[in-house]
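Right, one structure below, let's go through it.
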Amino acid sequence: MTAKPWRAMQPLKYIAAKDRSLCATPERADSLERAKAQMQEADVVIFASRWKPEIAAALPQTLHTLGLQPRQRVVVVGSKFFGKISVRQYLRMPANDLKKLENEVDPSEAKAINAVLAKGLGKEVLFVDPHNLVCGDDTSCPLFTDDVNLISYDGRHLTKEGARYMGKVLFQHSALGQM
Numbered sequence: 010m011t012a013k014p015w016r017a018m019q020p021l022k023y024i025a026a027k028d029r030s031l032c033a034t035p036e037r038a039d040s041l042e043r044a045k046a047q048m049q050e051a052d053v054v055i056f057a058s059r060w061k062p063e064i065a066a067a068l069p070q071t072l073h074t075l076g077l078q079p080r081q082r083v084v085v086v087g088s089k090f091f092g093k094i095s096v097r098q099y100l101r102m103p104a105n106d107l108k109k110l111e112n113e114v115d116p117s118e119a120k121a122i123n124a125v126l127a128k129g130l131g132k133e134v135l136f137v138d139p140h141n142l143v144c145g146d147d148t149s150c151p152l153f154t155d156d157v158n159l160i161s162y163d164g165r166h167l168t169k170e171g172a173r174y175m176g177k178v179l180f181q182h183s184a185l186g187q188m
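Reading the sequence shown from the start, the letters are residues 10 to 188 in my numbering.
Given below as structure tokens:
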């Protein structure tokens, strides 16, 4: 069976209009076809994304289509949300205040997607919930690391320092650290 390019497997409705031309250029776009060969060689395959509900719901079928081997460990990193970021507001704040600063968030947004992901994945897939690990069940999330580095610049994407912080949390407080 030949693998279909990602764009052939996924309807265009899942691709933002501004990104469709990029995805239509095979040599520039990521594709499951190109990534599948790399995944077949990997001992651990990690899926992380800014998950949309329909993509999260389709992930079990995507994993099935990839035909990963039982010897391979599959990890899915769920959704996270740090709320609206207001960098200008933080510029004049003292470091001690920034360390304690938390942002109000609606935890149901990340929790809903993470519930879809966790429910749809089998026991052989390790699901990690970054939102729960960093924010817990609270309606607020930290904005800065202990070293006073901003974790996320827009509430969803991590800064370089934020990625280091999240990696440390994920590996110290989830099953990822035991792999």
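All residues carry an ideal CB built from backbone N, CA and C; glycine is no exception.
### Message
Quick check on DSSP: helix, strand or coil for residue 95?
### Response
By 1-based counting over the sequence shown, the position of residue 95 is 86. In this structure, residue 95 counts as coil in the three-state DSSP scheme.
#### Entry: Status (buried if at least 16 other CB within 10 Å, exposed otherwise) for residue 13
Along the sequence shown, one-based indexing puts residue 13 at 4. Only weak support exists for where residue 13 lies, its pLDDT of 46 falling under 50; the value from the coordinates is given anyway. It is exposed - the Cβ of residue 13 has fewer than 16 other Cβ atoms within 10 Å.
### Query
Would you say residue 49 touches the ligand SAM, meaning its beta carbon is less than 7 Å from a heavy atom?
With respect to the ligand SAM, the structure shown offers nothing to examine, as it has no ligands at all.
### Message
Looking at residue 90: is its Cβ nearer than 8 Å to the Cβ of residue 164?
### Response
Here residue 90 corresponds to residue number 81 of the sequence shown, with the count starting at 1. Here residue 164 corresponds to residue number 155 of the sequence shown, with the count starting at 1. Yes, Cβ-Cβ distance for residue 90 and residue 164 is below 8 Å.
### Extent of the continuous alpha helix (DSSP H) run through residue 118
Mapped onto the sequence shown, residue 118 falls at position 109. Unbroken alpha helix (DSSP H) run through residue 118: 116-129.
### Message
Please state the DSSP three-state secondary structure of residue 83.
### Response
The sequence position of residue 83 within the sequence shown is 74, counting from 1. Residue 83: strand per DSSP, three-state reduction.
### Message
Classify residue 65: buried if its beta carbon has 16 or more other beta carbons within 10 angstroms, exposed otherwise.
### Response
Locating residue 65 in the sequence shown gives position 56, where the first residue counts as 1. Burial call: buried.
#### Entry: Run of the beta strand (DSSP E) containing residue 55, from where it starts to where it stops
Here residue 55 is taken as the residue at index 46 of the sequence shown, counted from 1. Run containing residue 55: 53-57, per the beta strand (DSSP E) assignment.
### Message
What would DSSP say about residue 186, mapped onto helix, strand or coil?
### Response
Stepping through the sequence shown from its first residue, residue 186 is reached at position 177. Note: residue 186 maps to helix in three-state DSSP.
### Query
Who does residue 150 pair with in a DSSP beta bridge?
Residue mapping note: residue 150 aligns to position 141 of the sequence shown, counting from 1. Looking at the DSSP assignment, residue 150 forms a beta bridge with 112.
### Task
Output the distance between the C-alpha atoms of residue 151 and residue 129, rounded to the nearest integer angstrom.
Working through the sequence shown from its first residue, we reach residue 151 at position 142. Working through the sequence shown from its first residue, we reach residue 129 at position 120. Going from the Cα of residue 151 to the Cα of residue 129 covers about 29 Å.
### Query
So what does DSSP say about residue 90, is it helix, strand or coil?
Sequence index remark: in the sequence shown, residue 90 carries index 81 (1-based). Note: residue 90 maps to coil in three-state DSSP.
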